[in-house]
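Presented below is the structure to which this report refers.
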Amino acid sequence: MSGRFVAPRWTPGERLTGRLPDPEWSDEAPTIGVLALQGDVLEHLRALRRCGANAAQVRTATDLDGVDGLIVPGGESTTIGKLLTRFEVLEPLRARVAAGMPTFGTCAGMILLSDELDQDVEQPVIGGLHVRTRRNAFGRQLDSFDTRIEVAGIDGGPLDVAFIRAPRVEQVLADDVEVLAEVDGYPVVVRQGPLLATSFHPEVTGDDRLHAAFVATVRNAMAAP
Ligand code: GLN
């Protein structure tokens with residue numbers, strides 16, 4: 001994976017922009033969805049396509065049936081949760097996650113995959129990831145920051161990532177959760193079998209190594225008997 005990585009031309013604070021390339025569909029490649037109800041969908045689709053996956057937007061239960069893995073993007077977790085309920089995707093998605101579909105949650109996606117939230121107000125979540133997560137743990141929008149971070153299992157040096165009103169894991173609730181990176185002693189990248197979650201946005205910097213790792217997870221899950 002690291003051998004194919006080409007350092008992105010990216011400077012902190014810069015966001016990638018531009019049109020989504022037309023999909024090039026391949027029968028051999030895994031099809032990975034990006035939950036497209038609200039939030040940062042486009043850059044995930046682009047990153048997945050750069051990593052050799054077929055990438056599709058998922059808005060309905062029928063869309064979900066057609067994917068081998070899913071990214072739950074950053075955005076606003078309360079809004080995405082409400083739309084999951086309204087579009088009747090929440091229960092089918094919970095069932096797919098429980099059945100072992102590889103799922104990658106970034107930022108709001110990490111919040112939505114968490115079993116528990118460190119707050120009094122209720123909000124709908126998908127759950128499945130055995131952690132308690134605190135929203136906006138690094139402060140408000142103005143406290144957002146770009147940084148480089150070492151992630152266990154990702155070769156090639158620190159990753160370029162963006163923390164945007166980011167959550168963090170306050171507590172790991174089960175032994176099968178691996179902590180792959182921490183900031184200030186709190187987990188910001190966790191993996192639990194086929195579930196991966198990051199506090200930050202890995203998709204806005206052009207550093208595709210986490211997406212490549214997730215595509216590999218999806219390929220392995222498809223190859224498993
Ligand atoms: N703070 C947002 C939330 O609570 C997440 C921010 C993000 O995804 N960049 O949902």
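Heads up: the sequence shown runs through residues 1 to 225, numbered per this note's numbering. Ideal Cβ placement from N, Cα and C applies to all residues, glycine included.
If you follow the beta strand (DSSP E) that residue i is part of, which residue opens it and which one closes it?
{"i": "residue 200", "result": "From DSSP, residue 200 is part of no beta strand (DSSP E); its letter is neither H nor E."}
{"i": "residue 229", "result": "It is not possible to answer for residue 229, since the shown part of the chain is limited to 1 through 225."}
{"i": "residue 35", "result": "31-35"}
{"i": "residue 170", "result": "168-172"}
{"i": "residue 56", "result": "54-58"}
{"i": "residue 131", "result": "129-134"}
Going by DSSP, name the residue or residues bridged to residue i.
{"i": "residue 178", "result": "191"}
{"i": "residue 162", "result": "146, 201"}
{"i": "residue 69", "result": "32"}
{"i": "residue 237", "result": "No statement about residue 237 is possible, as the shown extent of the chain runs from 1 to 225 and does not include it."}
{"i": "residue 125", "result": "Answer is none; residue 125 lacks a bridge partner."}
{"i": "residue 183", "result": "186"}
{"i": "residue 117", "result": "133"}
Count the other C-beta atoms from every protein chain shown that fall within 10 angstroms of the C-beta of residue i, then say buried if there are 16 or more, exposed otherwise.
{"i": "residue 191", "result": "buried"}
{"i": "residue 158", "result": "exposed"}
{"i": "residue 87", "result": "exposed"}
{"i": "residue 156", "result": "exposed"}
{"i": "residue 33", "result": "buried"}
{"i": "residue 89", "result": "buried"}
{"i": "residue 153", "result": "exposed"}
{"i": "residue 208", "result": "buried"}
{"i": "residue 217", "result": "buried"}
{"i": "residue 85", "result": "exposed"}
{"i": "residue 98", "result": "exposed"}
{"i": "residue 225", "result": "exposed"}
Keeping to the same chain, check which residues put their C-beta closer than 7 Å to that of residue i; ignore five residues upstream and five downstream.
{"i": "residue 163", "result": "138, 144, 145, 147, 199, 200"}
{"i": "residue 110", "result": "133, 167, 197, 198, 199"}
{"i": "residue 26", "result": "54"}
{"i": "residue 226", "result": "Because the chain spans 1 through 225 in this model, residue 226 falls outside it and cannot be assessed."}
{"i": "residue 75", "result": "38, 39, 40, 108"}
{"i": "residue 61", "result": "88, 89, 92"}
{"i": "residue 50", "result": "208"}
{"i": "residue 47", "result": "203, 208, 211"}
{"i": "residue 9", "result": "Note that residue 9 scores 47 on pLDDT, short of 50, meaning its location in the model is unreliable; the coordinates nonetheless yield the value given after this. Correct list: empty, nothing qualifies."}
Return the first residue and the last residue of the alpha helix (DSSP H) that residue i is part of.
{"i": "residue 212", "result": "209-223"}
{"i": "residue 111", "result": "108-113"}
{"i": "residue 81", "result": "77-86"}
{"i": "residue 49", "result": "42-50"}
{"i": "residue 97", "result": "90-98"}
Which same chain residues end up closer than 6 Å to residue i when comparing Cβ atoms and leaving out the 5 residues on each side of it in sequence?
{"i": "residue 174", "result": "130"}
{"i": "residue 7", "result": "Caution applies to residue 7, whose pLDDT of 42 falls short of 50 and renders its modelled position unreliable; the value that the coordinates give is listed next. None."}
{"i": "residue 44", "result": "34, 71, 73, 203"}
{"i": "residue 187", "result": "169, 179"}
Indicate whether at least one CB of chain C lies closer than 8 Å to the CB of residue i.
{"i": "residue 209", "result": "The structure shown contains no chain C; it is built from a single protein chain."}
Touching or not, the stretch 81-91 and the stretch 122-130, by the rule of three or more beta carbon pairs under 8 Å?
yes
Determine contact between the stretch 91-106 and the stretch 67-76, defined as no fewer than three beta-carbon pairs at a distance below 8 Å.
yes
Around ligand 2, what residues have a beta-carbon under 6 Å from a heavy atom of it, in chain order?
Among the ligands in the structure shown, ligand 2 does not appear; only ligand 1 can be found there.
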